[in-house]
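According to my numbering, the sequence shown is numbered sequentially starting from 136.
To start, the structure itself, in structure tokens.
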Amino acid sequence: MSSAIATTRFSVLDRSRIREGRTAPEALRDTVELAREAERLGYHRFWVSEHHGVPGVAGSAPTVLAAAVAGATRTVRVGTGGVMLPNHRPLVVAEQFGVLESLFPGRIDMGLGRSVGFTDGVRKALGRDKDDAEDFGAQLAELLDWFRGTSPTGVHARPAEGLTVPPFVLAMGEGAAVAARAGLPMVIGDLRDRDRMRRGIDRYRAGFRPSEWSPEPYVVVSGTIAVAATPEAARRLLVPEAWSMAHARTRGTFPPLPRAEDVEARTMTAKERELYESGLAGHIAGTEEQVAEELEGLVKETEAQEVLVTTSTYDRAALLDSYRRLARVTGTATAAAPA
136 MSSAIATTRF SVLDRSRIRE GRTAPEALRD TVELAREAER LGYHRFWVSE HHGVPGVAGS
196 APTVLAAAVA GATRTVRVGT GGVMLPNHRP LVVAEQFGVL ESLFPGRIDM GLGRSVGFTD
256 GVRKALGRDK DDAEDFGAQL AELLDWFRGT SPTGVHARPA EGLTVPPFVL AMGEGAAVAA
316 RAGLPMVIGD LRDRDRMRRG IDRYRAGFRP SEWSPEPYVV VSGTIAVAAT PEAARRLLVP
376 EAWSMAHART RGTFPPLPRA EDVEARTMTA KERELYESGL AGHIAGTEEQ VAEELEGLVK
436 ETEAQEVLVT TSTYDRAALL DSYRRLARVT GTATAAAPA
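Structure (structure tokens):
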């Protein structure tokens, strides 16, 4: 194991993907089970996500799911990747994380994003529109004020006030600049567009202002990493998600994950094939030796302090095997990461 990888934290984000022929409750239970395994393997964090009205994703209430994950584990940090702040009132978000931190002290992370609902219908149902994302910086400042007890309303967030729940900003587009100005750790993806990722990281580090939350820049790079006994087996892990993305971009809905063999037997249109092949490209996938080499390059290139792995696939046994192999590559159980 390289020295760069050995001093890098590795964490997991699971999006509670529904599989064809399975149910949403099964997907949520799969997430909790994966969290137990991630803890056993020594991963640093386990995060869950927020999606609304998506046929292929069960994780619509991340703080509720985070509570289930934290209750099923003992040591792994638990958080959100992320709560989409424009969808919620900052006071309610502060209260939710205050409850989580009170129940599981010292283990909760508050990952925050600026996206609003994926479709017009979802945004209408949430009472939001696209422009609400433009207020993310102000919403973030209001949220942090609730923890400090400095809200100009005179209201106090219970039990959040006075608690320390580490905030992270998901840096999509303007998120990097917001994270830098607020002096917060930044999560940036995805691995398929390294040039864009590097530009975001450079912009973040150049504009970073130290804060009570983080005295210096802290970069988490996120993306899909698939590890298997052969390159072909690792590539097959990517197939279900690649097809789901192609389906979403051609038909407007993000479906449950299909079996890899069903996708490979499918007759695709030229546009579907183009999007599908694009969805297979740019990830880190291969044998343990190949992935170790690619990770070494990624960590050196980005100087990231942490890697957040976001892999989804139909075959749960293969997914668990991938995380076990990655743990061997990274030495998560004994990584010399900073406290």
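Yeah, the Cβ is synthetic: ideal placement off N, Cα and C, and Gly gets one too.
Neighbour-count burial assignment, residue i, 16 or more Cβ in a 10 Å radius
i: alanine 474; result: Only weak support exists for where alanine 474 lies, its pLDDT of 31 falling under 50; the value from the coordinates is given anyway. Alanine 474 should be labelled exposed.
i: glycine 206; result: exposed
i: proline 248; result: The residue asked about is misnamed: residue 248 is glycine in this sequence, not proline. Counting Cβ neighbours within 10 Å, glycine 248 comes out buried, since at least 16 surround it.
i: threonine 402; result: exposed
i: leucine 278; result: buried
i: valine 199; result: exposed
i: glutamate 351; result: exposed
i: serine 349; result: buried
i: proline 320; result: buried
i: threonine 142; result: exposed
i: arginine 331; result: exposed
i: proline 366; result: exposed
i: arginine 154; result: buried
i: arginine 408; result: exposed
i: leucine 375; result: The residue you asked about is not leucine; residue 375 is proline in the sequence shown. Proline 375 should be labelled buried.
i: threonine 404; result: exposed
i: glycine 241; result: exposed
i: proline 160; result: exposed
i: aspartate 165; result: buried
i: glutamate 236; result: buried
i: arginine 209; result: exposed
i: alanine 260; result: exposed
i: glutamate 399; result: exposed
i: glutamate 174; result: buried
i: glycine 487; result: This structure gives no information on residue 487, because the portion of the chain shown stretches from 136 to 474.
i: threonine 437; result: buried
i: leucine 238; result: exposed
6 Å CB neighbourhood of residue i in its chain, flanking five on each side removed
i: glycine 324; result: Ser357 and Gly358
i: leucine 415; result: Leu373 and Ala377
i: methionine 307; result: none
i: glutamate 303; result: Note that residue 303 is phenylalanine in the sequence shown here, rather than glutamate. Only Gly246, Pro320 and Val322 meet the Cβ criterion.
i: arginine 384; result: Leu410
i: aspartate 280; result: Ser286
Spatial neighbours of residue i in its chain, beta-carbon cut-off 7 Å, leaving aside the 5 residues before and after
i: serine 457; result: Ala361, Val362, Ala363, Leu372 and Thr446
i: arginine 152; result: Ala162, Gly191, Val192, Leu392 and Ser447
i: threonine 467; result: Phe145, Leu176, Gly177 and Tyr178
i: serine 379; result: Gly191, Phe389, Pro390 and Leu392
i: glycine 318; result: Phe343, Arg344, Pro345, Ser346, Trp348 and Ser349
i: glutamate 423; result: Val362, Arg460, Arg463 and Val464
i: glycine 284; result: His291, Glu296 and Gly297
Residues bridged to residue i (per DSSP)
i: threonine 215; result: Val183
i: leucine 392; result: Arg154
i: phenylalanine 145; result: Val442
i: isoleucine 243; result: Val213
i: valine 192; result: Arg152
i: glycine 248; result: Met219
Run of the beta strand (DSSP E) containing residue i, from where it starts to where it stops
i: proline 302; result: 302-305
i: serine 357; result: 354-358
i: valine 322; result: 321-323
Endpoints, the alpha helix (DSSP H) within which residue i is located
i: serine 346; result: From DSSP, serine 346 is part of no alpha helix (DSSP H); its letter is neither H nor E.
i: alanine 420; result: From DSSP, alanine 420 is part of no alpha helix (DSSP H) but of the beta strand (DSSP E) over 419-421.
i: threonine 465; result: 451-465
i: leucine 373; result: 366-386
i: leucine 226; result: 225-238
i: serine 286; result: That residue, serine 286, is in no alpha helix (DSSP H); it is neither H nor E in DSSP.
i: proline 221; result: Premise fails: proline 221 is in no alpha helix (DSSP H) and is neither H nor E.
i: proline 160; result: 159-176
i: leucine 415; result: 405-415
i: arginine 316; result: 310-317
i: alanine 205; result: 197-207
Contacts around residue i, its chain only, beta-carbon distance under 8 Å, and the 5 residues preceding and following it disregarded
i: leucine 455; result: Leu169 and Glu172
i: phenylalanine 271; result: Leu220, Pro221, Arg249, Glu309, Gly310 and Val313
i: alanine 276; result: Ala317
i: alanine 368; result: Ala453
i: arginine 338; result: Ala311, Ala312 and Ala315
i: valine 204; result: Thr166, Val167, Ala170, Phe181, Val183 and Val213
i: alanine 196; result: Glu185
CB contact check: residue i to chain C, cutoff 8 Å
i: glutamine 425; result: The structure shown contains no chain C; it is built from a single protein chain.
>> Within 8 Å, do at least three Cβ pairs link the segment 436-444 to the segment 352-362?
In response: These segments touch.
> If we count Cβ pairs, one from each stretch, closer than 8 Å, do we get three or more for the segment 179-193 versus the segment 138-149?
Replying inline: At 8 Å Cβ cutoff, the stretches touch.
> Would you say the segment 305-321 touches the segment 286-293, given that touching needs at least three Cβ pairs under 8 Å?
Replying inline: With the cut-off at 8 Å, the segment 305-321 and the segment 286-293 do not touch.
> Is it true that the segment 216-225 meets the segment 239-247, where meeting means three or more beta-carbon pairs spaced less than 8 Å apart?
Replying inline: Touching, per the Cβ criterion.
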